[in-house]
Amino acid sequence: MLLNFVAVNLPSKYLNEAVEQFASLPSIGKRSALRLVLELLKRSPEEIDRFSNAVSAIKENINYCDSCGNISDEKICTICANPARDHRMVCIVEDIRDIMAIEATGSYRGIYHVLGGVISPMDGQGPEDLNINSLLNKVKNKEIDEIIFALSATMEGDTTNFYIYKKISPTDLTVTTLSRGVSIGTELHYADELTLGRSILQRLPFESTFKQS
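So in my numbering the end of the sequence shown lands on 258, straight run, no missing numbers.
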């Protein structure tokens, strides 16, 4: 059983440094970090090497898709490179977890655009910090017929949706959003596959959502 971490003096500076690095990750506290490091100590040198090499390879080899911003091993991700996808339909998401959630439903055959976050003044994140300009360029170049807003149903998500909508509203694009089968305040990637799939198939004209609110 782990003691109160604050009261523990770790017996090794290397152990302490490893714990500090694990604890720097989101949602990993010092006690959880210590548990993970102690587990690694039980592994063989070969297993440790595979672990460290996998972590190093993330930074060295993973790219962001030149077209949509998705994580990819190549310059263009497998979704954007797939000719069977509908490249005129673009689903706007916050990050790769949302793409994974939507893909798991099997209900969507278009492509994506990853913003890399949402507008959140409290976190110091404005429109200029997001991947919005490349989306506007696609709209300007008439590469898109429909945009689907699939950001989390939070105040920040709704603010981001509205900001982008105002930017593209002079066009004749079809702009839709997920139906509210996804609960208000719920982050998209936590929604179950059935609910999320139905929300995509039963999507609504975006303009109607804020006219009713």
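Quick reminder that beta carbons are idealized off the backbone N, C-alpha and C, glycines included.
Please read all numbers here as calculations on a predicted model, not as lab measurements.
Apply the 10 Å Cβ neighbour rule to residue i and answer buried if 16 or more other Cβ atoms are within range, or exposed otherwise.
i: residue 139; result: buried
i: residue 149; result: exposed
i: residue 229; result: Caution is warranted here: a pLDDT of 46 is assigned to residue 229, below 50, making its placement in the model unreliable, and no coordinate value can be reported.
i: residue 96; result: exposed
i: residue 222; result: buried
i: residue 197; result: buried
i: residue 99; result: exposed
i: residue 180; result: buried
i: residue 146; result: buried
i: residue 58; result: exposed
i: residue 169; result: exposed
In the DSSP assignment, find the alpha helix (DSSP H) that holds residue i and state where it starts and stops.
i: residue 191; result: First-last for residue 191: 191–194, but that is the beta strand (DSSP E), not the alpha helix (DSSP H).
i: residue 204; result: 200–213
i: residue 93; result: 90–106
i: residue 54; result: Unbroken run through residue 54: none, as it is neither H nor E.
i: residue 85; result: 75–86
Which same chain residues end up closer than 6 Å to residue i when comparing Cβ atoms and leaving out the 5 residues on each side of it in sequence?
i: residue 61; result: 55
i: residue 78; result: 64, 67, 68
Please list, in chain order, all residues of the same chain as residue i whose beta carbon is under 8 Å from its beta carbon, the five residues on each side excluded.
i: residue 107; result: 116, 117, 118
i: residue 248; result: 193, 221, 222, 223, 224
i: residue 175; result: 160, 161, 162, 163, 164, 205
Over the uninterrupted beta strand (DSSP E) stretch that includes residue i, give me the two end residues.
i: residue 216; result: Unbroken run through residue 216: none, as it is neither H nor E.
If you draw a straight line from the alpha carbon of residue i to that of residue j, how long is it in whole angstroms?
i: residue 66; j: residue 124; result: 33 Å
i: residue 132; j: residue 122; result: 13 Å
i: residue 250; j: residue 135; result: 14 Å
i: residue 217; j: residue 80; result: 55 Å
i: residue 153; j: residue 128; result: 14 Å
i: residue 93; j: residue 83; result: 12 Å
Within a Cβ cutoff of 7 Å, which residues of the same chain sit near residue i, ignoring the five residues on either side of it in sequence?
i: residue 112; result: 121, 125
i: residue 202; result: 163, 196
i: residue 208; result: 164, 172
Next item on the list: Within the segment 122–188, note down every full beta strand (DSSP E) run reaching 3 residues or more, in order along the chain.
Entry: 131–138, 155–159
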